[in-house]
Amino acid sequence: MDTFEYRGKTLFCENVKVGDIVSEVGTPAYVYSKGAILARYHELKTAFQDVDTLICFSVKSNSNLSICKLLAEEGSGFDVVSGGELFRAIKAGGDPSKVVFAGVGKTDREMRYALEKDIFMFNVESLAELKHINAIAKEVGKVPRVALRINPDIDAKTHAKTTTGKKENKFGIDFTEAERIITQSAFYQNVDLCGLHVHLGSPIYTVDPYVRALRKIVRFVKNCREGGLDIEFVNIGGGYCISYTGEKVIRPKDYAGKILPLVKEMQCNLILEPGRFVVGNSGILVTRVIYTKETVHGKKFVICDAGMNDLIRPALYDAFHRIWPVNTSIKMPKVENTGKSPVKRGMDVVDIVGPVCESSDVFAANRSLPRVKEGDLLTIFSAGAYGFSMSSSYNSRPRPCEVLVEGDRYHVIRKRETYENLVSGENFTW
Ligand code: LLP
Numbered sequence: 000m001d002t003f004e005y006r007g008k009t010l011f012c013e014n015v016k017v018g019d020i021v022s023e024v025g026t027p028a029y030v031y032s033k034g035a036i037l038a039r040y041h042e043l044k045t046a047f048q049d050v051d052t053l054i055c056f057s058v059k060s061n062s063n064l065s066i067c068k069l070l071a072e073e074g075s076g077f078d079v080v081s082g083g084e085l086f087r088a089i090k091a092g093g094d095p096s097k098v099v100f101a102g103v104g105k106t107d108r109e110m111r112y113a114l115e116k117d118i119f120m121f122n123v124e125s126l127a128e129l130k131h132i133n134a135i136a137k138e139v140g141k142v143p144r145v146a147l148r149i150n151p152d153i154d155a156k157t158h159a160k161t162t163t164g165k166k167e168n169k170f171g172i173d174f175t176e177a178e179r180i181i182t183q184s185a186f187y188q189n190v191d192l193c194g195l196h197v198h199l200g201s202p203i204y205t206v207d208p209y210v211r212a213l214r215k216i217v218r219f220v221k222n223c224r225e226g227g228l229d230i231e232f233v234n235i236g237g238g239y240c241i242s243y244t245g246e247k248v249i250r251p252k253d254y255a256g257k258i259l260p261l262v263k264e265m266q267c268n269l270i271l272e273p274g275r276f277v278v279g280n281s282g283i284l285v286t287r288v289i290y291t292k293e294t295v296h297g298k299k300f301v302i303c304d305a306g307m308n309d310l311i312r313p314a315l316y317d318a319f320h321r322i323w324p325v326n327t328s329i330k331m332p333k334v335e336n337t338g339k340s341p342v343k344r345g346m347d348v349v350d351i352v353g354p355v356c357e358s359s360d361v362f363a364a365n366r367s368l369p370r371v372k373e374g375d376l377l378t379i380f381s382a383g384a385y386g387f388s389m390s391s392s393y394n395s396r397p398r399p400c401e402v403l404v405e406g407d408r409y410h411v412i413r414k415r416e417t418y419e420n421l422v423s424g425e426n427f428t429w
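Quick note, the sequence shown lines up with residues 0 to 429 if you use numbering that gives the first Met the number 0.
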């Protein structure tokens, strides 16, 4: 579990006891390891170093300014999907000339903002969008780089709600339409059409979908060049998997081994947009048990102070996250059994739930957990990606604080929200 490890009976993040952090900052709290984030970023960078590669951290996975700043300082670029994410990337010290901008619904205002900041490239997802960017660029007197986002109709074999590269998905442009656009590229004099982008979904547990998509891209690049249009950049998006269960999964070097030969064949520069791989296992959500209860039917609930508003992945995608007490004498298994859990001595089979008034507010159902009592702390692992960034204040619950651990020190990088924060911006003067 990267730099989160039990030493004796206690969970540490780097050299700090997780229990010590939350006794100061309270719960629920997101805790991230700086060392883990940097290690993952460099693992990816090293794996792809054989070709000219721009890594653009996917801001949607974790948009905290301090996390973005850490990565900006390592030279990372950013993948953004809104004006707000671009604002964050720049505010965190990110270099706009290393920013790529994706998303099916960029507004004129967002395009103007990105043009004003001279970002590296727009990933354009429809003909209508291309017309807009071309017109706005003309108006402001700029010629931005553009990549067409291709929808290659490839099943990335991931959750239906996180699949993006199938023909029924809203993302990207199919090859036929892309070809038409390329043959008519003379109409779009105010953009520099020099890239292709493909993002298949997330998380992707085999290299095969990338390879299949890239083979199609290789052919397409060849056709473009024969037609007189040089494609200099190929962006293969994100989706690099992490282990949520402790099971071994493929690593960047495994992806790179199969992907790089195809990139070399095209002689293109490569762009990657990793999110989850960099931050997913670099963060946890710490929560406190408020109550336990058992029904007459023998069902046991562990009710904690974090809810689906703080971490929505289990409710939204039935996502599996390991959960284990922060302090326990029972060893967390190396690999979690995701099937029906056996009851072992000192353990209960429980539903771990939050306080939100929705039946889907369940972090884990029928999960084997060391017996816990009111006040005990639980860790929800692998929560660094799409955790806080997807949180809300539903049920008027102030959002958790975020903490970054650095060796034997830690810093609060986002304060816990207050009741006043919840209502700021609302008024009675209408
Ligand atoms: N590039 C594009 C164009 C994307 O849409 C995404 C993620 C990424 C890169 C980064 O993918 P990553 O490397 O993080 O897998 N909320 C879901 C995941 C949705 C991903 C959306 N797009 C979850 O919690 O699993």
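Using N, Cα and C, we set each Cβ at its ideal position, and we do this for glycine too.
Neighbourhood of residue i by C-beta, 6 Å cutoff - its chain only, sequence neighbours within 5 removed
i, result
"Lys-33", "Leu-403, Glu-405"
"Asn-420", "none"
"Glu-42", "Pro-251"
"Ser-381", "Tyr-243, Gly-279, Asn-280, His-320"
"Ile-181", "Cys-223, Leu-228"
"Asn-78", "This sequence places Asp at residue 78; Asn is not what is there. Correct list, in chain order: Cys-55, Ser-57, Val-99, Glu-272."
"Met-331", "Trp-323"
"Lys-292", "Phe-300"
Same chain only: Cβ atoms within 7 Å of residue i, ignoring 5 sequence neighbours per side
i, result
"Pro-265", "Per the sequence shown, residue 265 should be read as Met rather than Pro. Once the five neighbours on either side are set aside, the close Cβ partners of Met-265 are Val-217, Val-220, Val-233."
"Glu-335", "Thr-244, Gly-245, Arg-321"
"Thr-163", "Phe-170, His-198, Leu-199, Gly-200"
"Tyr-434", "It is not possible to answer for residue 434, since the shown part of the chain is limited to 0 through 429."
"Ala-255", "Ala-46, Phe-47"
"Lys-14", "At residue 14 the sequence reads Asn, which differs from the Lys that was named. Excluding positions up to five away in sequence, the list reads Gly-406, Asp-407."
"His-131", "Asp-107, Met-110"
"Thr-157", "Gly-200, Ser-201, Pro-202, Ile-203"
"Asp-117", "Pro-95, Ser-96"
Residue i in three-state terms, based on DSSP
i, result
"Tyr-40", "helix"
"Thr-175", "helix"
"Val-99", "strand"
"Cys-67", "helix"
"Ile-180", "helix"
"Phe-119", "coil"
"Cys-240", "coil"
"Gly-282", "strand"
"Val-142", "coil"
"His-410", "strand"
"Val-80", "coil"
"Ile-203", "strand"
"His-198", "coil"
"Asn-189", "coil"
"Ala-364", "strand"
"Ile-249", "coil"
"Phe-56", "strand"
"Val-355", "coil"
"Phe-86", "helix"
"Leu-228", "coil"
"Cys-267", "coil"
"Trp-429", "coil"
"Asn-61", "coil"
"Glu-401", "strand"
"Phe-3", "strand"
"Asn-168", "coil"
"Arg-218", "helix"
"Thr-163", "coil"
Check whether residue i and residue j have beta carbons under 7 Å apart
i, j, result
"Ile-283", "Phe-56", "no"
"Lys-252", "Ala-38", "no"
"Gly-7", "Val-325", "no"
"Arg-214", "Ile-153", "no"
"Ser-60", "Tyr-385", "yes"
"Gly-306", "Val-349", "no"
"Gly-389", "Ile-311", "Correcting the residue identity first, residue 389 is Met in this sequence and not Gly. Result yes, Cβ atoms of Met-389 and Ile-311 sit closer than 7 Å."
"Ala-71", "Ala-101", "no"
"Val-99", "Met-120", "yes"
"Tyr-316", "Phe-276", "no"
"Cys-400", "Ala-28", "yes"
"Pro-68", "Ile-54", "Note that residue 68 corresponds to Lys in the displayed sequence, not to Pro. Contact flag unset, no."
"Gly-194", "Ala-146", "yes"
"Phe-300", "Val-352", "yes"
"Leu-259", "Asp-49", "yes"
"Ala-136", "Asn-189", "yes"
"Leu-124", "Val-103", "Checking the displayed sequence, the identity of residue 124 turns out to be Glu instead of Leu. Contact: yes."
Cutoff 8 Å; reference residue i; Cβ partners in own chain excluding five residues on either side
i, result
"Thr-9", "Lys-16, Val-17, Gly-18, Val-325, Asn-326"
"Leu-376", "Val-17, Gly-18, Val-21, Thr-26, Val-285, Thr-286, Arg-287, Val-288, Pro-324, Val-325, Asn-326"
"Thr-337", "Thr-244, Phe-319"
Alpha helix (DSSP H) runs wholly inside the stretch 368-393, at least 4 long, in chain order: none
Alpha helix (DSSP H) runs wholly inside the stretch 8-54, at least 4 long, in chain order: Counting only runs of 4 or more, we get 17-24, 33-46.
Suppose only complete runs of 3+ residues qualify. What are the beta strand (DSSP E) ranges in the stretch 274-351, listed by chain order? 282-293, 299-303, 322-324
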